[in-house]
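K.L.:
This is the structure I want to talk about, given as structure tokens.
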Amino acid sequence: MNIVEKAQMFAAGAHAGVGQKRKYTGEDYIHHPVAVAEIVRKHGGTDEMVAAAMLHDTIEDTQVTFGHIFSLFGDRVAEMVDALSNKAKKKDGNRETRFFINVKALRERLDMQSRVIKLADLIHNTQSITWYDQKFAAQYLAEKAFMLRALFTDAEIGVSGEEIESRTGDHPLLIEAEKTVATALSQLPDELFLKSDRINAGLMEKWKSMEA
Numbered sequence: 333m334n335i336v337e338k339a340q341m342f343a344a345g346a347h348a349g350v351g352q353k354r355k356y357t358g359e360d361y362i363h364h365p366v367a368v369a370e371i372v373r374k375h376g377g378t379d380e381m382v383a384a385a386m387l388h389d390t391i392e393d394t395q396v397t398f399g400h401i402f403s404l405f406g407d408r409v410a411e412m413v414d415a416l417s418n419k420a421k422k423k424d425g426n427r428e429t430r431f432f433i434n435v436k437a438l439r440e441r442l443d444m445q446s447r448v449i450k451l452a453d454l455i456h457n458t459q460s461i462t463w464y465d466q467k468f469a470a471q472y473l474a475e476k477a478f479m480l481r482a483l484f485t486d487a488e489i490g491v492s493g494e495e496i497e498s499r500t501g502d503h504p505l506l507i508e509a510e511k512t513v514a515t516a517l518s519q520l521p522d523e524l525f526l527k528s529d530r531i532n533a534g535l536m537e538k539w540k541s542m543e544a
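Every letter in the sequence shown is one number past the one before it in my numbering, and letter 105, counting from 1, is 437.
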């Protein structure tokens with residue numbers, strides 16, 4: 333059993349162990365990390381990156397700890413999974429407060445390889461949001477549009493240093509993520525599109541004041 337197969341089996345057990353299902357569809361949660369891992373693989377991800385994609389929600393959503401990932405999959409996979417995990421807790425404040433805590437942590441901890449996984453995660457989560465919950469999508473898409481700017485503007489994204497050095501434009505996965513968010517926004521009714529735009533502008537204004 334290779335590291336990717338091992339990671340998929342482990343993640344499936346971890347998510348099933350806490351009864352986690354995909355919101356809206358009710359399907360087994362493992363379908364999401366498998367889809368994210370496949371996007372990473374298609375974009376040239378290493379086996380460690382694909383394994384980390386399989387495991388990316390285990391620390392955040394299950395009883396799995398950093399130590400478990402480290403002991404079973406090694407320091408590099410554990411480092412990426414930890415970097416991808418949200419740090420904010422409910423006690424930290426409202427949704428916006430927690431969102432900024434998580435964005436700050438991601439900006440500090442993501443490296444060029446884990447950014448690939450984060451983009452793949454964003455793409456898969458965003459693709460169908462407007463099908464299931466348009467009202468929530470206005471908030472969700474505003475956050476994702478903000479996140480793309482806050483985390484990926486002028487950031488290194490890729491599998492290796494050689495890839496970064498040879499690339500002259502944006503990473504194709506970043507372009508795909510931007511198109512995915514833009515497409516989802518275009519599917520909203522006008523009033524929800526405008527609401528999402530206002531939320532995004534508010535997030536940007538607050539972020540700039542926090543950074544000043």
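Ideal Cβ placement from N, Cα and C applies to all residues, glycine included. Computed from a prediction, not measured in an experiment: that's the story for all the values here.
Could you check which residue in Gln352, Ala509, Ala487 and Val513 has the C-alpha nearest to that of Leu473?
P.N.:
Walking along the sequence shown from the start, residue 473 turns up at place 141. Nearest option by C-alpha distance: Val513.
K.L.:
Among residues of its own chain, excluding the 5 on either side of Met550, which ones have a beta-carbon nearer than 6 Å to its beta-carbon?
P.N.:
Here the chain has residues from 333 to 544 only, and residue 550 is not among them.
K.L.:
How many angstroms separate the CA atom of His375 from the CA atom of Leu506?
P.N.:
Residue 375 sits at position 43 when you count from the first residue of the sequence shown. Residue 506 sits at position 174 when you count from the first residue of the sequence shown. Going by the C-alpha atoms only, they are around 11 Å apart.
K.L.:
When you compare only the Cα positions, how much space is there between Ala344 and Ile335?
P.N.:
Within the sequence shown, numbered from 1, the residue matching residue 344 stands at position 12. Within the sequence shown, numbered from 1, the residue matching residue 335 stands at position 3. Their backbone Cα atoms lie some 14 Å apart in a straight line.
K.L.:
Are the Cβ atoms of Ala367 and Val382 separated by less than 8 Å?
P.N.:
Within the sequence shown, residue 367 is the residue found at index 35, counting from 1. Within the sequence shown, residue 382 is the residue found at index 50, counting from 1. No, Cβ-Cβ distance for Ala367 and Val382 is not below 8 Å.
K.L.:
At the level of alpha carbons, what is the spacing between Glu497 and Asp486?
P.N.:
In the sequence shown, counting from the first residue as 1, residue 497 sits at position 165. In the sequence shown, counting from the first residue as 1, residue 486 sits at position 154. For Glu497, the predicted model reports a pLDDT of 49, less than 50, meaning its position is unreliable; a value from the coordinates is still stated below. Going from the Cα of Glu497 to the Cα of Asp486 covers about 13 Å.
K.L.:
Roughly how far, in whole angstroms, is the beta-carbon of Leu442 from the beta-carbon of Leu480, given that I think they are within contact range, below 8 Å?
P.N.:
Residue mapping note: residue 442 aligns to position 110 of the sequence shown, counting from 1. Residue mapping note: residue 480 aligns to position 148 of the sequence shown, counting from 1. Between Leu480 and Leu442 the Cβ distance is about 13 Å, and since that is not below 8 Å, they are no contact.
K.L.:
Tyr356 and Asp522: beta carbons closer than 8 Å?
P.N.:
Taking the sequence shown and counting its residues from 1, the one referred to as residue 356 is at position 24. Taking the sequence shown and counting its residues from 1, the one referred to as residue 522 is at position 190. No; because the gap between Cβ atoms is not below 8 Å, this pair is not in contact.
K.L.:
Quick one: residues in its chain with C-beta nearer than 8 Å to the C-beta of Glu508, no 5 flanking neighbours on either side, listed in chain order?
P.N.:
Here residue 508 refers to the residue found at position 176 when the sequence shown is read from its first residue. Same-chain partners within the cutoff: Leu451 and Ile455.
K.L.:
In whole angstroms, what is the alpha-carbon distance linking His347 and Ile362?
P.N.:
On the sequence shown, position 15 is the one that residue 347 refers to. On the sequence shown, position 30 is the one that residue 362 refers to. Rounded to whole angstroms, His347 to Ile362 spans 7 Å at the Cα level.
K.L.:
What's the C-alpha gap between Ala384 and Met333?
P.N.:
For the purposes of this step, residue 384 is taken as residue 52 along the sequence shown, with counting starting at 1. For the purposes of this step, residue 333 is taken as residue 1 along the sequence shown, with counting starting at 1. Roughly 16 Å separates the two Cα atoms.
K.L.:
Going by beta carbon distance, what residues of the same chain come within less than 7 Å of Arg408, once the five residues before and after it are set aside?
P.N.:
Walking along the sequence shown from the start, residue 408 turns up at place 76. Around Arg408: Glu380.
K.L.:
List the whole-angstrom C-beta distance separating Ala420 from Ser446, where the pair is believed to meet the contact cut-off of C-beta under 8 Å.
P.N.:
On the sequence shown, residue 420 is found 88 positions in, with the first residue counted as 1. On the sequence shown, residue 446 is found 114 positions in, with the first residue counted as 1. Not a contact, Cβ separation roughly 18 Å.
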